[in-house]
Amino acid sequence: MSTATATASPEPFRPGLIARAVAAFSGATGLVLKMAILAVTNAIAVWAAVVLVDKTRWVALGVLVLATAAIDYVYLAPRSWTLPLKFLVPGTVFLLAFQIVPVIYTIQVALSNYSTGHILTKPEAIKQIKINSLEVPANGKQYEMSPARDKDGKLVLILRQDPGGQVYIGTKKGLTPLPQSDVKIDETGVPTAAKGYTLITGAELFTLDKQLQALQVPTKGDAAVQAQGVHQAVELQPTLRYDAAKNQFVRISDGAVFADNGKGSFASVSNSKDELEPGWKTLIGLANFKKLATNPLYRDPFLRVFVWTFVYATLTVFVSFAVGLFLAIALDKKGLRGQRLYRSVLVIPWAIPGFLGLLVWAGLLNDDFGVVNRLLGHVGIHVPWLFDANWARVSVILVSVWLTTPYFFLVSMGALQSIPAELTEAARVDGGGGWAIFRRVTLPLLLVAVAPLLIASFAFNFNNFGNIYLLTGGGPAVGNSPIAGATDILISYTYKIAFAAGKGQDYGLASAISILIFVIVGTISAISFSRTKALENMA
Amino acid sequence: MQNSLKRMWASLGLLAAIAALLATTATAAHKAVNIVIWTDSDRAAAVTKVANDWAAKNGATVKVVTKNFGDIRDNLSTVNSADAPDVITAAHDWTGKLAANGLVQPIFLSAAVKKQFPSYTLNAFSYGTAVKKLYGVPVAVENIGLVVNTKLAKAPTTFSQLETEALAQKKKSHISFGIAVQQGANGDAYHMYPFFSGLGGYIFGTNKAGNLDPSDIGVANPTFLKNASLINKWNKEGLISSKVDDATAKNAFLKGQAAFWITGPWNADTLKKSGLKFKVMQMPAIAKPSVPFLGVQGFMVTKFANDHGVGSAATDLVTNFMANPSAQTQLAAANGRPPANTKAHSSDPVLAQFSAASKGGVPMPNIPQMDSVWGDLGQAWVKSTKGSGATPAATAFKTAARAIADKIG
Numbered sequence: 010m011s012t013a014t015a016t017a018s019p020e021p022f023r024p025g026l027i028a029r030a031v032a033a034f035s036g037a038t039g040l041v042l043k044m045a046i047l048a049v050t051n052a053i054a055v056w057a058a059v060v061l062v063d064k065t066r067w068v069a070l071g072v073l074v075l076a077t078a079a080i081d082y083v084y085l086a087p088r089s090w091t092l093p094l095k096f097l098v099p100g101t102v103f104l105l106a107f108q109i110v111p112v113i114y115t116i117q118v119a120l121s122n123y124s125t126g127h128i129l130t131k132p133e134a135i136k137q138i139k140i141n142s143l144e145v146p147a148n149g150k151q152y153e154m155s156p157a158r159d160k161d162g163k164l165v166l167i168l169r170q171d172p173g174g175q176v177y178i179g180t181k182k183g184l185t186p187l188p189q190s191d192v193k194i195d196e197t198g199v200p201t202a203a204k205g206y207t208l209i210t211g212a213e214l215f216t217l218d219k220q221l222q223a224l225q226v227p228t229k230g231d232a233a234v235q236a237q238g239v240h241q242a243v244e245l246q247p248t249l250r251y252d253a254a255k256n257q258f259v260r261i262s263d264g265a266v267f268a269d270n271g272k273g274s275f276a277s278v279s280n281s282k283d284e285l286e287p288g289w290k291t292l293i294g295l296a297n298f299k300k301l302a303t304n305p306l307y308r309d310p311f312l313r314v315f316v317w318t319f320v321y322a323t324l325t326v327f328v329s330f331a332v333g334l335f336l337a338i339a340l341d342k343k344g345l346r347g348q349r350l351y352r353s354v355l356v357i358p359w360a361i362p363g364f365l366g367l368l369v370w371a372g373l374l375n376d377d378f379g380v381v382n383r384l385l386g387h388v389g390i391h392v393p394w395l396f397d398a399n400w401a402r403v404s405v406i407l408v409s410v411w412l413t414t415p416y417f418f419l420v421s422m423g424a425l426q427s428i429p430a431e432l433t434e435a436a437r438v439d440g441g442g443g444w445a446i447f448r449r450v451t452l453p454l455l456l457v458a459v460a461p462l463l464i465a466s467f468a469f470n471f472n473n474f475g476n477i478y479l480l481t482g483g484g485p486a487v488g489n490s491p492i493a494g495a496t497d498i499l500i501s502y503t504y505k506i507a508f509a510a511g512k513g514q515d516y517g518l519a520s521a522i523s524i525l526i527f528v529i530v531g532t533i534s535a536i537s538f539s540r541t542k543a544l545e546n547m548a
Numbered sequence: 004m005q006n007s008l009k010r011m012w013a014s015l016g017l018l019a020a021i022a023a024l025l026a027t028t029a030t031a032a033h034k035a036v037n038i039v040i041w042t043d044s045d046r047a048a049a050v051t052k053v054a055n056d057w058a059a060k061n062g063a064t065v066k067v068v069t070k071n072f073g074d075i076r077d078n079l080s081t082v083n084s085a086d087a088p089d090v091i092t093a094a095h096d097w098t099g100k101l102a103a104n105g106l107v108q109p110i111f112l113s114a115a116v117k118k119q120f121p122s123y124t125l126n127a128f129s130y131g132t133a134v135k136k137l138y139g140v141p142v143a144v145e146n147i148g149l150v151v152n153t154k155l156a157k158a159p160t161t162f163s164q165l166e167t168e169a170l171a172q173k174k175k176s177h178i179s180f181g182i183a184v185q186q187g188a189n190g191d192a193y194h195m196y197p198f199f200s201g202l203g204g205y206i207f208g209t210n211k212a213g214n215l216d217p218s219d220i221g222v223a224n225p226t227f228l229k230n231a232s233l234i235n236k237w238n239k240e241g242l243i244s245s246k247v248d249d250a251t252a253k254n255a256f257l258k259g260q261a262a263f264w265i266t267g268p269w270n271a272d273t274l275k276k277s278g279l280k281f282k283v284m285q286m287p288a289i290a291k292p293s294v295p296f297l298g299v300q301g302f303m304v305t306k307f308a309n310d311h312g313v314g315s316a317a318t319d320l321v322t323n324f325m326a327n328p329s330a331q332t333q334l335a336a337a338n339g340r341p342p343a344n345t346k347a348h349s350s351d352p353v354l355a356q357f358s359a360a361s362k363g364g365v366p367m368p369n370i371p372q373m374d375s376v377w378g379d380l381g382q383a384w385v386k387s388t389k390g391s392g393a394t395p396a397a398t399a400f401k402t403a404a405r406a407i408a409d410k411i412g
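Chains A and B, in that order, give the protein sequences. FYI, in the working numbering the residues of the first sequence are 10 to 548. FYI, in the working numbering the residues of the second sequence are 4 to 412.
Structure below.
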C-alpha cells in the first residue's frame, strides 16, 4: 500500500500562471502596489478637492469626498462583503467617467443654448457688457499716464492730456491741474517725474492691476478717466446702467430697457432681436429639439440625409464584406504561390492612415486633372466624380469600400480558418456543390463570427465623418438646400449646422442632433443584435 | 480583528500623508506678474523675442504657448481660466465671434499710435452691435493679387486685355482655363472675391452706426445681377473654371501653362524660388474695381487677463509695445506678411507688390454671421463656372443669397 503510493507519487504541486500571479500580488508586493495606487487616487482626490473648494462647488465636493472615502474603505477595511466590490469598483469608475458622464453632458448641452455669444456665465456676461458699454464721450480726452503715490502713499495718476499737453493729478475726487514745470515728460509724452509725488516704476507697477483698474477719476456726469494699461488713460462713460434688483440693463441715452429674456440674453423689450452681447449659457429646455422639428431649414433635408446615410453605411458594409470575403476565399487555397504577398498587398489600404488615403483619392478623382479621368479620357469617357450629385455618391461609396475591404478580408480569413474542414467535407460527401456548400455551411458559420462585426462596422460608417468630410466635404450642393449637400451624412450635416450656419458655433443644436443619431444607431444595432442571436441558435 | 483595524488606520494615515504631499506640489503657485501668450508656430520665435524685450524692461515674465492658428480661436471659448492666455495672436475676422462671446477686452490706442495705422486695419478689428469698439492691435496685413507671368503676357491694364491674353495662353498650352484661380468642388469665395467685387457684389451693407448689417446681404444685389451674365460668358469661353483647385492653379502657373494666377503672399517664397519673371498687381476693374478681401492679423487682450490680475500689464504689452514700428517689423516678417504699421519696414519687393494690390480692398466681414456666407457664396461660383451644365449665374447667386439669409435667420 505504502509502496504503491510512493511509486504513484504525484508531481510536486505547480500552480498555474494566474494562481501564481495572484500569489505574487497577495503578499508584501501586493500591499505596496495597492498602497501606491490608492495614494495616487487619494492625491488626485485631494487636488480635485482643492480645485472644487476654489470654485465653491460644494455638491461636487461632497460627492468627491464620499466616493473617495468609499473607495478607501472598500480596499482597506477587512470586511468580507467588500471583496466583490474590489473587483467591481475600477470598472464602474471608468464606465462612469468615459461613458455615462459624456452622455449626461451631451444631454445637458442639448438642453442649453451653448453657442456663439452664449459661452460665459451670467455674472461674467454682465461684467463684460458693462465693460463693452463704456464709450468715449463727446469731447472725451485721452491722457498719457504714470501711476504715482502721494505723500500719504495713496495711489494717484499723473496725467498729461494728449493732444494738448496740460498736466493733471487724478484722484478719486477728480482732476486737479498741476503746474507744467512740476512734471517731467519723456519723448513719448509719458510723465517721468512729478514734484511731491513718487512715481511707481518697474515690477511694482504691474502688481497694482486691481487698484489701478478700480481707480476712476470722475470728470463730468458719469464720465471718468480710467487707466488703460499702465501708461495711458482714457475718459469713458457708461452707455448702459445695470439694475441688479430688476435684473435688467437700461440704456442711459434713451431709457430703453434690456431685460433678461430667459434664453441667455438681455434683449430689448421693444425689439426682441436687439440683444446685448455677450449673452450667457443657460438651460432652455427642449428648444433645440423644437428648432429641428419646426425650422424648415433643418427639417426639410433631414429625411433625405437620413436615407442617404442609411444607404451609404449599408452599401459600404455589405460591398466591403462581399469583396473581402471573396478575396479571402480566393486566397484560402492551400499551396497558392505568393499567397503571403497577395495578402500583404490587399491589407495596404487599411495600413495607411485613412485621412491620407482620402486626400489622395480626392486628388485622383479630380474632375479635369485627376488620374482617373485622364485614364478614362483615353477611351473617351469623362466622369464628373465629385461634381455630379449621383457620381459623388458613387465616389464616396467606392472609396469607403476601398478603405473598409481589407478589414473584412482579414476578419473573413480568420473566420474561415476556424470552420472545421470536416463539415465542408461532409457536405461534399453528401453531394453538395461548391455554391451550395458555401451558402448552407460556410456562410452561416461565418456569419456567427462576423455578424457582430458587420453591425459594429455599420454603426461606425453611419457616423463616418472623416470619409465624407475629406473626400467631398458633403458636396456637391443639391438644388436649393443651403446646408446639406448630396453626400452629407447625418454627422457631417450636424457639423455644418453646428459650425457653418447662423453665427458660427451652435453646440446646443449639434448635441440635440447627436442624441437623435445616437437613438437611431442604438435602435438599429439593438434590432440587428437580436437577429444575430437567432443566427446563433440556427447554427 | 483589532489588529487588522489598527492596520487599516495606519494605512489611512500613510495614505493621507502621501496624498497631501502630492497635492501640495501640484497646486503650488507663484505670484509674479506672468503673461501667457498664445501664438502659432510661425510667429512663436518672434513673439517670444518681442514679448521678452518688453518683460525685461518691466520686471515681468512671459510664457509663449504655440498652437495651431485656428485652435487659438476655438480653444479660447473652452479653456479653463487657469490655463487661459492673457494675450492672443488673432485674425481680424475672429473679432466679432470673440467679442460676441465676451472673451476679449476692448482696447484704446493713443491718437499718435492710431495715426501710424491705415484706418481699415483698425476698422477690421472693431466690432459692436451698438457701440463699435477696437479689440485688437493690427500687426500684419495680407491680400490676394493677380500674379502675371511677364514672359508669357503683358501686365494688363483693362479686364478685356486680361481676358484676351488669358484665353490666348489657354489655347497655346491646351489647358481648360485661362486664369488660374482656385475653387474646387466646395468652392472658394475668398479667392473669387476680386471677380465678385468687380461685378458689383458685396457681402454685408453697413447700418447707420457704421457697423456691418447682417440683414443687408449684397450677394445678389441688383448691380451684381445686372453684370452676372459676364460670368456665363467666362464659363463658356473657359476663362475661369470651378474644377481648378489650389494645387492645379499653382501647378499651371509654375509650369508656365497659365499666364495669370490669383494668390496671396503665402506663395511669395514659392514665386521667388520659381525663377519665373512675374509681377503682382490688382486685377483690372470689370464693372467696378476688382478689389480683394483684406485680412489683418494682430494681437488681442483676453478677458482672462483681468481674471488673472494682469489686465494692465497685458494691455500695456499689446497697445504700447506691440504697436511700435520695431516690434511690428519683427512680428510681420516672422510670417512673411507686410507690417500693418506704416512706419514699420518690409524690405521685401514681392510683399510690397502684394501690398500695392490691396488698394481699395474690403476687410473680410468680422461679424459672426460671416460663417453662414462662405459655403454658399463659394457654391454659387462652383455651380456657375463648372463648364458644361453650369447653372446660370443669376440663378446661382440668387439661390445663395436666399440660403444665406435663411441661415442667418
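All residues carry an ideal CB built from backbone N, CA and C; glycine is no exception.
The alpha helix (DSSP H) with residue 168 of chain B in it runs from where to where? Counting from 1 along the second sequence, the entry for residue 168 of chain B is found at position 165. First-last of the alpha helix (DSSP H) with residue 168 of chain B: 162-175.
For the region 342-359 of chain A against the region 409-422 of chain A, are there 3 or more C-beta pairs whose distance is under 8 Å? yes
Using the beta-carbon count (16 or more within 10 Å), is residue 548 of chain A buried or exposed? Residue mapping note: residue 548 of chain A aligns to position 539 of the first sequence, counting from 1. Note that residue 548 of chain A scores a pLDDT of 49, beneath 50, so its modelled location is shaky and nothing firm can be said.
Tell me the start and end of each unbroken alpha helix (DSSP H) in the region 53-112 of chain A that is at least 4 residues and wholly inside, in chain order. Annotation note: the region 53-112 of chain A contains the following uninterrupted alpha helix (DSSP H) runs of length 4 or greater, listed N- to C-terminal: 67-85 and 92-104.
Go ahead and pull the three-state DSSP assignment for residue 45 of chain B. By one-based count along the second sequence, residue 45 of chain B stands at place 42. Helix, per DSSP.
Pull up the CB-CB distance for residue 474 of chain A and residue 501 of chain A, whole angstroms please, since I reckon it's below 8 Å. As a working mapping, residue 474 of chain A is identified with position 465 in the first sequence. As a working mapping, residue 501 of chain A is identified with position 492 in the first sequence. Residue 474 of chain A to residue 501 of chain A, Cβ: 6 Å. Contact.
Residues of chain B with CB closer than 7 Å to the CB of residue 240 of chain A, please, in chain order. By 1-based counting over the first sequence, the position of residue 240 of chain A is 231. Within 7 Å Cβ-Cβ: 319 and 323.
Around the C-beta of residue 514 of chain A, are 16 or more other C-beta atoms found within 10 angstroms, so that it is buried, or is it exposed? The residue given as residue 514 of chain A occupies position 505 in the first sequence. That one is buried.
Nearest chain B C-beta to residue 375 of chain A closer than 8 Å, yes or no? Position 366 of the first sequence, counted from the start, is the residue given in the question as residue 375 of chain A. Output row for residue 375 of chain A: interface = yes.
Among the residues of its own chain, which have a CB less than 7 Å from the CB of residue 219 of chain B, if the five just before and after it don't count? Start at 1 with the first residue of the second sequence, and residue 219 of chain B comes out as number 216. Correct list, in chain order: 207 and 208.
N- and C-terminal bounds of the alpha helix (DSSP H) containing residue 549 of chain A: Since the first residue shown for chain A is 10 and the last is 548, residue 549 of chain A is missing from the structure and cannot be characterised.
Output, in chain order, the set of chain B residues within a Cβ distance shorter than 7 Å of residue 513 of chain A. The residue you call residue 513 of chain A lines up with position 504 of the first sequence. Near residue 513 of chain A (Cβ distances below 7 Å), the residues of chain B are 100, 371 and 374.
Range covered by the beta strand (DSSP E) that runs through residue 260 of chain A: Position 251 of the first sequence, counted from the first residue, corresponds to residue 260 of chain A. Element bounds for residue 260 of chain A: 257-260.
Taking only beta-carbon atoms, is residue 205 of chain A less than 8 Å away from chain B? Locating residue 205 of chain A in the first sequence gives position 196, where the first residue counts as 1. No, no contact with chain B.
Does DSSP put residue 284 of chain B in a helix, in a strand, or in coil? Here residue 284 of chain B is taken as the residue at index 281 of the second sequence, counted from 1. Correct three-state label for residue 284 of chain B: strand.
Report yes or no: is there a C-beta of chain D within less than 8 Å of the C-beta of residue 162 of chain B? Protein chains in the displayed structure are A and B, and chain D is not among them.
Hey, which unbroken runs of the beta strand (DSSP E) at 3 residues or more fall wholly within the region 252-333 of chain A? Counting only runs of 3 or more, we get 257-260, 266-269 and 275-277.
Chain B contact for residue 171 of chain A (CB, 8 Å cutoff): By one-based count along the first sequence, residue 171 of chain A stands at place 162. So yes, residue 171 of chain A belongs to the interface.
Name the chain A residues that come within less than 9 Å of residue 55 of chain B, Cβ to Cβ? The count along the second sequence starts at 1 and reaches residue 55 of chain B at position 52. Those within 9 Å of residue 55 of chain B in chain A number zero; the least Cβ separation is about 15 Å.
Sequence-distant residues of its chain with Cβ nearer than 8 Å to residue 58 of chain A (five each side left out): Here residue 58 of chain A is taken as the residue at index 49 of the first sequence, counted from 1. Cβ within range, chain order: 70, 73 and 74.
Using 8 Å as the limit for Cβ to Cβ distance, is residue 3 of chain B near chain A? Since the first residue shown for chain B is 4 and the last is 412, residue 3 of chain B is missing from the structure and cannot be characterised.
Over the uninterrupted alpha helix (DSSP H) stretch that includes residue 225 of chain B, give me the two end residues. As a working note, residue 225 of chain B is residue 222 in the second sequence. From DSSP, the alpha helix (DSSP H) with residue 225 of chain B extends over 225-230.
Is there at least one Cβ from chain B nearer than 8 Å to residue 244 of chain A's Cβ? Indexing the first sequence from 1 puts residue 244 of chain A at position 235. For residue 244 of chain A, the answer is no, since every Cβ of chain B falls outside 8 Å of its Cβ.
Please state if the CB of residue 50 of chain B and the CB of residue 67 of chain B are separated by a distance shorter than 8 Å. In the second sequence, residue 67 of chain B corresponds to position 64, counting from 1. In the second sequence, residue 50 of chain B corresponds to position 47, counting from 1. Yes; because the gap between Cβ atoms is below 8 Å, this pair is in contact.
With the cut-off set at 8 Å, would you say residue 232 of chain A and residue 224 of chain A are in Cβ contact? Taking the first residue of the first sequence as position 1, residue 232 of chain A is located at position 223. Taking the first residue of the first sequence as position 1, residue 224 of chain A is located at position 215. Note that the C-beta distance between residue 232 of chain A and residue 224 of chain A is not below 8 Å.
Since residue 140 of chain B meets chain A, which of its residues come closer than 8 Å, beta carbon to beta carbon? For the purposes of this step, residue 140 of chain B is taken as residue 137 along the second sequence, with counting starting at 1. In chain order: nothing, as chain A lies at least about 11 Å away.
Quick test of your reading: residue 464 of chain A and residue 534 of chain A, contact by CB under 8 Å. State the CB separation rounded to the nearest angstrom. Taking the first residue of the first sequence as 1, we reach residue 464 of chain A at position 455. Taking the first residue of the first sequence as 1, we reach residue 534 of chain A at position 525. Between residue 534 of chain A and residue 464 of chain A the Cβ distance is about 6 Å, and since that is below 8 Å, they are a contact.
So if I threshold CB-CB distances at 8 Å, which residues from the region 409-429 of chain A count as touching chain B? none
Leaving out five residues on either side along the sequence, give the residues of the same chain with a beta carbon under 8 Å from the beta carbon of residue 55 of chain B. By 1-based counting over the second sequence, the position of residue 55 of chain B is 52. Cβ within range, chain order: 65.
First through last residue of the beta strand (DSSP E) which encompasses residue 168 of chain A: Locating residue 168 of chain A in the first sequence gives position 159, counting from the first residue. Note, residue 168 of chain A: beta strand (DSSP E), 164-171.
Check whether the region 337-354 of chain B touches the region 132-149 of chain B, taking contact to mean three or more Cβ pairs, one atom from each stretch, closer than 8 Å. yes
Give the range of the alpha helix (DSSP H) segment to which residue 152 of chain A is assigned. Locating residue 152 of chain A in the first sequence gives position 143, where the first residue counts as 1. Unbroken run through residue 152 of chain A is the beta strand (DSSP E), 151-158; no alpha helix (DSSP H).
Test: residue 485 of chain A CB closer than 8 Å to a CB of chain B: Mapped onto the first sequence, residue 485 of chain A falls at position 476. By this cut-off, residue 485 of chain A is an interface position.
Taking residue 264 of chain B as part of the beta strand (DSSP E), name the residues at either end of that continuous run. Walking along the second sequence from the start, residue 264 of chain B turns up at place 261. Taken as a continuous stretch (DSSP letters only), the beta strand (DSSP E) holding residue 264 of chain B covers 263-266.
Contact list for residue 72 of chain B against chain A, beta-carbon separation under 8 Å: Here residue 72 of chain B corresponds to residue number 69 of the second sequence, with the count starting at 1. Ordered by position in chain A, no residue passes the 8 Å Cβ test against residue 72 of chain B, which lies about 16 Å from the chain.
Is the region 174-194 of chain A touching the region 203-211 of chain A, taking contact as three or more C-beta pairs under 8 Å? yes
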